[in-house]
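Order-wise, the sequence lines are chains V and D. Under the numbering used here, the first residue of the first sequence is numbered 1, with each subsequent residue one higher. Under the numbering used here, the first residue of the second sequence is numbered 1001, with each subsequent residue one higher. Heads up, the beta-carbon is just placed ideally off N, CA and C, and yes, glycines get one too.
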Amino acid sequence: MQGIPNKGAGKIVADIAEVIVSNKAYLSEIDGKIGDGDHGINMAKGFGRAAERLDPDGTLTEAMEILSDVLMSEIGGSMGPLYGMMFSDMAEALGDSETIDAESFTAMLQAGLDGIQGIGNAKVGDKTLMDALSPALDALKAANAGGKSFPEALDAMKAAAAVGRDSTIDMVAKLGRSARLGERSRGVLDAGATSCCMILTAFADSITARLD
Amino acid sequence: MQRFINNPDDIVDETVAGFVRTHNDVVRLHEGNNRVVVSNFAAEKGRVGIVTGGGSGHEPAFIGYTGKNMLDAVAVGELFSSPTAKSFLDAIKAADGGAGVAVLYGNYAGDNMNVKMASKMIKKDGIEVATVVANDDVCSASAEEREKRRGVAGEIFMWKIGGAKAATGASLQEVIASAQKAIDNCRSIGLGLGPCTLPAVGHPNFLIEPGKMEVGIGHHGEPGVRVEDLKSANEIADDMVKVVLDDHNLRAGTEVAVLVSGLGATPINELYVLYDRMATKIEERGLKIHKAFVGNYFTSLEMVGATLTVMALDDELKPLLDTETNCPGF
């Protein structure tokens, strides 16, 4: 089975952070249309701080624990606990696995989704990060079941995350601050789904690059 | 944007530092967490502790209501962003005098999650925690979905009632019941004439066209539920009273407390203009104003606009509202 060693994969979190930090202004801009415009700022602060503190030669498990700690103890807001729980539960699921392969990565993402559901109550269709995460996980599982290779499955995950992200444009927000706007929240991307799609895409790209 | 800013990322730390320096006779900074403000009168052995927390940018809320017979500890978040679970946890511990801690906060997704996590984390410390979630903002959801409404300036009444009740030596359960009653008896509406800008973002996150106003605006810059043509102060006051009281359904003769707060950039004199008309309209409905508060009590950076909160009083709430307090916000 194709995979990469967990040891040294801490760099993946640094890659994710780089994407988030470079999209700071964009994420704030889309958040500002129906939220208060601070999504990019808080995300960049949290992921940026974690990137400074993690050991790129360490494991992905350790790096995700560091990221989770920063998000939960220093960032707050809604994204702090949501992504904090996601990365904390993903780190727990990956644990001391030596290899990140289709099986351990899928289990990890499933744990992340469960973690978010445990604290946030969001369902697909509510115009939240779940609209990117849930179909992405489904696509990953379907690709695995269909006998696809790990990079093919990661590609399928990426594509589904992007479709999921874009599906939020035509949704009316059901949770979070934008939910207060009702119909007025329709017509723009959800900032959480957008950042989640970036995270999943960076995961896929960073792992795929290391598989070669 | 012309503002008093050093590095936008430091603004909350600098706000808190200046606040505790100004009011060091009443409050202090938590020793291990610079995002927690603690009352000099806390923790008091045997008395229920009162905690809240919320994003910054609403000053004097939330920190300004820390003090005697009010809040014992306050968790401070980034501008318009919930404090961390860790800060709520530290605030709860700082407020605990052994009789449990009431966390009285507003209904926002981030605060709900962070308080929930803090309540889980506190279990191993053996501190009993109970919560009341404020939902006084009429326009943020229909009456059938009241539990979805957000908390706004009515939170100040909730804290005042909760703090005063705790000062009587009441149990945690009794404090929670009184604070819940206070917020259940509150209805609020916000009306915006101009948006606000997070310094790190640098531009307003929504626009209000000249000659327009946003009815039902939230105090984080969330646009209102509808946009209307700007009217005279009296017409606006009439509309605000109507929205609040139509939702309230109070018997004639009921005594009420009224709070009119500016959203940050509205001159105080205009708030008095609004209040004068609001009081007339409230009294026309047969209600009796026991006490009124007019000023900048719960702001939203430099938003132009005002909020109106009406709390119905009864024999229990009235003396609690009148209990003397010592906090920077009043």
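- For N1112 (chain D), DSSP records no beta bridge to any residue.
- Taking 8 Å as the threshold, the shortest C-beta distance from E92 (chain V) to chain D does not fall below it.
- Spatial neighbours of A1265 (chain D) in its own chain (CB-CB distance under 7 Å, excluding positions within 5 residues in sequence) are listed in chain order as G1194, E1302, M1303 and V1304.
- Residue burial annotation: D89 (chain V) is buried, with at least 16 other C-beta atoms found within 10 angstroms of its C-beta.
- Spatial neighbours of A14 (chain V) in its own chain (CB-CB distance under 7 Å, excluding positions within 5 residues in sequence) are listed in chain order as A51, L54 and P56.
- Chain order gives the chain V residues near S1081 (chain D) as D38, N42, G76 and G77, where near means a beta carbon separation below 7 Å.
- Only buried fits H39 (chain V), as 16 or more other CB atoms lie within 10 angstroms of its CB.
- Proximity of chain D to I119 (chain V) at the Cβ level (cut-off 8 Å) is accounted for by M1113, K1116 and M1117, in chain order.
- For the region 1191 to 1206 of chain D, the set of residues with a beta-carbon nearer than 7 Å to any beta-carbon of chain V comprises L1198, A1200, V1201 and N1205, in chain order.
- Fewer than three pairs of CB atoms, one per stretch, sit closer than 8 Å, so the region 1223 to 1232 of chain D makes no contact with the region 1308 to 1315 of chain D.
- Contact annotation for G80 (chain V) against chain D: T1084 [CB-CB distance below 7 Å, chain order].
- C-alpha of E1059 (chain D) to C-alpha of G1077 (chain D): approximately 12 Å in a straight line.
- In terms of beta-carbon proximity, M157 (chain V) stays away from the interface with chain D, with every pair separated by 8 Å or more.
- For M72 (chain V), a Cβ of chain D is located within less than 8 Å of the residue's own Cβ.
- V1027 (chain D) sits close to V1020 (chain D), with the two beta carbons spaced by under 8 Å.
- G77 (chain V) sits close to G1110 (chain D), with the two beta carbons spaced by under 8 Å.
- Taking C-beta separations shorter than 6 Å and ignoring five residues to either side along the sequence, the partners of D1072 (chain D) in its chain run S1039, A1042, G1049, I1050 and A1095, following chain order.
- G1077 (chain D) reaches chain V at G76 and G77, counting residues in chain order whose Cβ is nearer than 8 Å.
- At a cut-off of 8 Å between C-beta atoms, S68 (chain V) does not count as an interface residue with respect to chain D.
- Chain V places no beta carbon closer than 8 Å to that of A1257 (chain D), leaving this residue out of the contacts.
- For the region 10 to 28 of chain V, residues whose beta-carbon sits nearer than 7 Å to a beta-carbon of chain D comprise S28.
- Contact check for N1326 (chain D) against K1068 (chain D) passes: the beta carbons are separated by less than 8 Å.
- Here P5 (chain V) is exposed, its C-beta having fewer than 16 other C-beta atoms within 10 Å.
- Using a CB distance cut-off of 8 Å, G1110 (chain D) counts as an interface residue toward chain V.
- By the Cβ criterion, the region 99 to 114 of chain V is not in contact with the region 172 to 186 of chain V, since fewer than three pairs of Cβ atoms, one from each stretch, lie closer than 8 Å.
- Per DSSP, L1029 (chain D) is one residue of the beta strand (DSSP E) stretching across V1027 to H1030.
- The Cβ neighbour count for T1066 (chain D), taken over all protein chains shown within 10 Å, is at least 16; the residue is labelled buried.
- Between L1271 (chain D) and G1295 (chain D), the C-beta spacing is below 8 Å.
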